[in-house]
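The block underneath contains the structure these notes are about, expressed in structure tokens.
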Amino acid sequence: MEWYEKRRIGDLADDAAAKFGPREGLVFEDRRYTFNEVADEVDRAAKGLMAVGVQRGDHVALWLNNSADWIFISFALAKVGAVQVPINTRFRTSDLEYVTRQSDSTMLITHDVCGPIDYLEMVREVVALPGTGDRIEDDNFPELRQVLIVGAGEYEGTTCWEACLRAGESIGDDALAERAASVNPDDPFLIMYTSGTTGFPKGAMHSHKLIRNNDERTARMGYTTNDVILNYLPLFHAFSYSECAMMSLLSGARQIITETFNPDESLDLIEAEGVSIIHGFEAHLKGLTEAQEAKARDISTLRTGIFAAGMHSATPVVRRGARTLAPLINLSGFGMTETWLGVALNSLDDDEDLRCQSSGYVGLGYEIRVVDTETGADQPVGVPGELIIRGYSLMLGYYKKPEETAASFDEDGWFHSGDTAEWLEGGYMRFLGRYKDMLKVGGENVDPMETEGYLLEHPEVHQIAIVGYPDEKLSEVPVAFIERAPCTNMTGEDVIGHCRGKVASFKIPRHVFFVTEFPMTASGKIRKVDLRAEALRLLGE
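Per the numbering used here, the sequence shown runs over residues 335 to 875.
Here's what the structure looks like:
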């Protein structure tokens, strides 16, 4: 018998309704929902998904921007036992094709159009939609059966979400309850993609035990029914899904969702709605601070939130935010898609220095070590090393990538993060950066090898290397160094244009330099450390 209660993600909306029923639980644009209404909408979506054939264990790709529908569909998928596969809405056709196929998704749920982006048109570029009916038969996607469109219109070769909901009216409460009860909390409910050292995204599989992880942090951060969470973070990321969507249902805090992040809109909502909890990355904190300094709002209801500090570049931003956004008590922490959130986290009563300079202390259910990458020996206080992690919230593995999974864990079950950290006095950890070459662009993890691989397919690119360059707003931006193929004259504009619409915007190089040869190691690898220095020289820093 386990020493903690096993629960299901799909039950969270019902549990919240039972505890907090008539209280307002969710706000999106001009729609407001009580926790009772959230549970009803989740059930309505679950019945619709059952009616159109979603089975327990099916993988369903969710390519949606933030909305109330995202919440309803996501928790409905968990309730019917499907495995949801959130896809970054900034991905374009190349990324969409890879994730949908590699995840073995049987259904893709997306918009027709959202803002200026035509998602349906991108789907049509990638998937051979049927001329009649809605059943897909595309050899490039052997598992994909259906594309479901969340929008007002009906489109050839797809299923309309409203029609799905109408079909769900034929599913009885008993049938839904029976399906929900059949879900095993030890099974995967989520495959969340994260960039990896191979240059292709890897799907980290998680089970329902993440509830325990969030429950423990709800208590640690003092969430109550009086809290109001402002969620401008993308729900396809672990940060948003965990700290906002799940936390609201677990604690009874009201969640206000915005489609995207806008600092002025966020501050206006903090003032109007009495927001007490906000989260984000360095770029969000910087944007909020600058907007508040330009036009002060009443933000006296702010209480706390997680804004990762630790890295040297983040410390001055966090200190400035602490002054401008008072009474906000910023907590710094550490987490990854593979480990989930709360690997480390500050305490509410830590002083400002600890909250600005550390990444907190180890979270409940985790063990962490900082080790020498050569010897594996534990490093003393103040000496950097690789951060390795062990605990119950770690992923079940990378989907269909057994070699990468095995390479990430050692024989004692420690997950090797590839990140650099150091111990501070008093048991606090400080995240310093990455051993791997992965970039962090405005909060997005970017493996440069993804874009390198895409551009290497261009006939005029002989060799390419992408490195990070410091950026005041986004922390880092990609810079490409390219060796042209013989007798070609590709320009920087050609490179960027080739990526646009095919590669997520944050992965596209901001600057392009052409070289005749690359600095190489003795083993024949490109010395990216030299290229980073060259980028700093060329760009004037």
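C-beta atoms are modelled at their ideal positions from N, C-alpha and C, and glycine is treated no differently.
Proximity below 7 angstroms, CB of residue i to CB of residue j
i: residue 542; j: residue 844; result: no
i: residue 514; j: residue 413; result: yes
i: residue 359; j: residue 367; result: yes
i: residue 434; j: residue 477; result: no
i: residue 611; j: residue 561; result: yes
i: residue 655; j: residue 635; result: no
i: residue 677; j: residue 699; result: no
i: residue 837; j: residue 803; result: no
i: residue 762; j: residue 666; result: no
i: residue 866; j: residue 775; result: no
i: residue 463; j: residue 491; result: yes
i: residue 472; j: residue 480; result: no
i: residue 380; j: residue 510; result: yes
i: residue 406; j: residue 375; result: yes
i: residue 402; j: residue 357; result: no
i: residue 484; j: residue 445; result: yes
i: residue 567; j: residue 590; result: no
i: residue 755; j: residue 705; result: no
i: residue 617; j: residue 449; result: no
i: residue 456; j: residue 423; result: no
i: residue 443; j: residue 383; result: no
i: residue 539; j: residue 522; result: yes
Cβ-heavy atom distance, residue i to the ligand COA, below 6 angstroms
i: residue 576; result: The model depicted lacks the ligand COA and carries no ligand whatsoever.
Candidates the options, of which the one nearest residue i by Cα
i: residue 528; options: 493, 419, 413, 387; result: 419
i: residue 817; options: 476, 797, 803; result: 797
i: residue 766; options: 795, 716, 815, 783; result: 716
i: residue 708; options: 697, 714, 720; result: 720
i: residue 580; options: 346, 822, 839; result: 346
i: residue 588; options: 603, 340, 599, 594; result: 603
i: residue 599; options: 622, 714, 747, 582; result: 622
i: residue 772; options: 807, 416, 813, 348; result: 813
i: residue 344; options: 584, 572, 449; result: 584
i: residue 860; options: 821, 786, 576, 840; result: 786
i: residue 648; options: 764, 740, 389, 734; result: 764
i: residue 795; options: 783, 824, 458, 524; result: 824
i: residue 821; options: 846, 349, 850; result: 850
i: residue 746; options: 759, 755, 735, 701; result: 701
i: residue 593; options: 404, 684, 496, 613; result: 404
i: residue 557; options: 459, 639, 790; result: 639
i: residue 517; options: 410, 842, 429; result: 410
i: residue 398; options: 664, 451, 372; result: 451
i: residue 688; options: 554, 672, 757, 624; result: 757
i: residue 806; options: 394, 651, 373, 393; result: 651
Boundaries (first-last residue) of the beta strand (DSSP E) holding residue i
i: residue 703; result: 700-705
i: residue 787; result: Per DSSP, residue 787 belongs to no beta strand (DSSP E); it is in the alpha helix (DSSP H), 782-790.
i: residue 340; result: Segment: none, residue 340 is in no beta strand (DSSP E) and carries neither H nor E.
i: residue 442; result: 441-445
i: residue 678; result: 674-679
i: residue 847; result: 845-848
i: residue 712; result: Element bounds for residue 712: n/a, residue is neither H nor E.
Assigned exposure category for residue i - 16 Cβ within 10 Å defines buried
i: residue 753; result: buried
i: residue 493; result: buried
i: residue 626; result: buried
i: residue 793; result: exposed
i: residue 871; result: exposed
i: residue 682; result: exposed
i: residue 873; result: exposed
i: residue 781; result: buried
i: residue 779; result: buried
i: residue 340; result: exposed
i: residue 784; result: buried
i: residue 559; result: exposed
i: residue 530; result: Residue placement at residue 530 is poorly supported in this model, since its pLDDT is 45, which falls under 50; the coordinates still yield a value, given next. Counting Cβ neighbours within 10 Å, residue 530 comes out buried, since at least 16 surround it.
i: residue 466; result: exposed
Boundaries (first-last residue) of the alpha helix (DSSP H) holding residue i
i: residue 453; result: 453-460
i: residue 418; result: That residue, residue 418, is in no alpha helix (DSSP H); its beta strand (DSSP E) goes 417-420.
i: residue 546; result: 544-554
i: residue 432; result: 427-436
i: residue 384; result: 369-385
i: residue 814; result: Run containing residue 814: none in the alpha helix (DSSP H); it sits in the beta strand (DSSP E), 809-818.
i: residue 826; result: 826-833
i: residue 413; result: 402-413
i: residue 863; result: 862-872
i: residue 687; result: 686-691
i: residue 346; result: 346-354
Short CB-CB distance (under 7 angstroms) between residue i and chain C
i: residue 578; result: Considering every chain present, this structure includes no chain C. It has just one protein chain.
Report the start-end ranges of each beta strand (DSSP E) in the segment 714-788 that is 3 residues or longer and not cut off at the edges.
719-725, 749-757, 763-768, 773-775, 778-780
What are the complete beta strand (DSSP E) segments, minimum 3 residues, inside the segment 490-533?
522-528
In chain order, which alpha helix (DSSP H) runs of at least 4 residues are fully inside the segment 580-656?
581-585, 597-607, 616-628
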